[in-house]
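Okay, so here's the structure we're looking at.
In the working numbering, the protein residues as written are 117 to 460.
In structure tokens:
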């Protein structure tokens, strides 16, 4: 059904999680992202941008249009004792969903919220989504919501999964969170297109944030791609970015992070290459889902009246979790390999 709605555009705002600047094809990556690349080819591609370098403040700024401190989420979701750092969206900031809803838009969200206070993930009985210090999307302008209200977690059994204002159980048989986010977004778009009003949907993936959970068949597509290691990968991507005009040809590559060893010094190179393949697969699977969203817009005849934006909450994860790390890995964050080491 073609929407009339006075030619007001539908808006699809897609957010990746902890994705590096060069992690998609149109920015120089070897990872297959044809659907995101198609947005760059047919639209506007940014090479300079600013975000808050952390998950929650970037999301707060994106949702409200003000500095994250003004919205109450100046750091992460813990309450640090000051209004600017209370860890959840304050009532004085207006979300984009609230503003658009007041102007006749249907508003929907599928994915990760993470601007609604902190939760003890090991104590589900303590969860209080929807109370004063734990606002949820349906309290901040979204008509419909599917997703999690916390941050990172298992892609096979994410905690705090909700539909609208209710916590819901997970059918773990074949469940993979990235695909669930995409599929629910497609369903929401199809429903919204049946009404003569424009819609806004925020699709907030947890991919490619750790833990490194990807489907085996997608990991297999990147088998052997990373055998030469991260130093070679960085150099190759930098040259590709220069060739594409993403960075100035005179710019030298930045120094490697001192917390990460040179590839020549890395232990268990096969293991590290597998981790990089899993990371690539996470992005690949996300792109496949974005392709289903774009195909649905075309199928419904509304693609030409829909503004689609893709961005990341920040750059790639800055935490180097070595294979011999003794950092505790709760069950909801990591899946052990057969020899007991967690994939992170």
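The beta carbon of each residue, even a glycine, is placed where N, CA and C say it ideally should be.
Predicted, not measured: the structure shown is a model, and the values here were computed from it.
Residue from the options whose Cα sits closest to the Cα of residue i
i           : options               : result
residue 345 : 355, 324, 392 and 188 : 392
residue 331 : 194, 290 and 257      : 290
residue 297 : 390, 132 and 126      : 132
residue 427 : 292, 299, 208 and 323 : 323
residue 401 : 138, 149 and 145      : 149
residue 416 : 219, 334, 352 and 302 : 302
residue 339 : 193, 366, 387 and 294 : 387
residue 152 : 404, 299 and 376      : 404
residue 130 : 226, 384 and 361      : 226
residue 259 : 318, 170 and 185      : 318
residue 155 : 425, 201, 125 and 267 : 425
residue 136 : 353, 384 and 247      : 353
residue 384 : 158, 343, 254 and 234 : 343
residue 268 : 299, 282 and 236      : 236
residue 369 : 125, 138 and 134      : 138
residue 311 : 300, 223 and 195      : 223
residue 199 : 299, 185 and 381      : 185
residue 350 : 157, 292, 432 and 309 : 432
residue 299 : 262, 333, 334 and 276 : 262
Proximity below 8 Å, CB of residue i to CB of residue j
i           : j           : result
residue 284 : residue 278 : yes
residue 421 : residue 183 : no
residue 79  : residue 212 : Here the chain comprises residues numbered 117 to 460, so residue 79 is not present and cannot be evaluated.
residue 215 : residue 204 : no
residue 143 : residue 357 : yes
residue 306 : residue 412 : yes
residue 396 : residue 147 : yes
residue 378 : residue 347 : yes
residue 274 : residue 264 : yes
residue 429 : residue 174 : yes
residue 181 : residue 217 : no
residue 321 : residue 294 : yes
residue 246 : residue 281 : yes
residue 233 : residue 208 : no
residue 125 : residue 371 : no
residue 231 : residue 172 : yes
residue 394 : residue 335 : yes
Extent of the continuous alpha helix (DSSP H) run through residue i
i           : result
residue 175 : 171 to 180
residue 301 : 293 to 308
residue 354 : 345 to 360
residue 245 : Note, residue 245: premise wrong, no alpha helix (DSSP H); not H, not E.
residue 151 : 150 to 158
residue 196 : No alpha helix (DSSP H) holds residue 196; DSSP gives it neither H nor E.
residue 215 : 212 to 217
Range covered by the beta strand (DSSP E) that runs through residue i
i           : result
residue 320 : 315 to 320
residue 228 : 222 to 228
residue 277 : 277 to 279
residue 263 : 260 to 264
Cβ-based burial, residue i [other Cβ within 10 Å; buried from 16]
i           : result
residue 409 : buried
residue 271 : buried
residue 326 : buried
residue 359 : exposed
residue 168 : buried
residue 190 : buried
residue 398 : buried
residue 178 : buried
residue 197 : exposed
residue 219 : exposed
residue 328 : buried
residue 202 : buried
residue 117 : With a pLDDT of 36 at residue 117, under the threshold of 50, the predicted position of this residue should be treated as unreliable, though the coordinate-derived value follows. It is exposed - the Cβ of residue 117 has fewer than 16 other Cβ atoms within 10 Å.
residue 145 : buried
residue 381 : exposed
residue 162 : exposed
residue 239 : exposed
Which residues DSSP lists as bridging residue i, in chain order
i           : result
residue 131 : 320 and 427
residue 337 : Answer by DSSP bridge pairing: none, since residue 337 is not bridged.
residue 409 : None, per the DSSP bridge assignment.
residue 189 : 201
residue 283 : 278
residue 126 : 422
residue 109 : In the structure as shown, the chain begins at 117 and stops at 460. Residue 109 is therefore absent and cannot be evaluated.
Any chain C beta carbon closer than 8 Å to residue i
i           : result
residue 198 : Absent from the structure is chain C; it holds one protein chain and no more.
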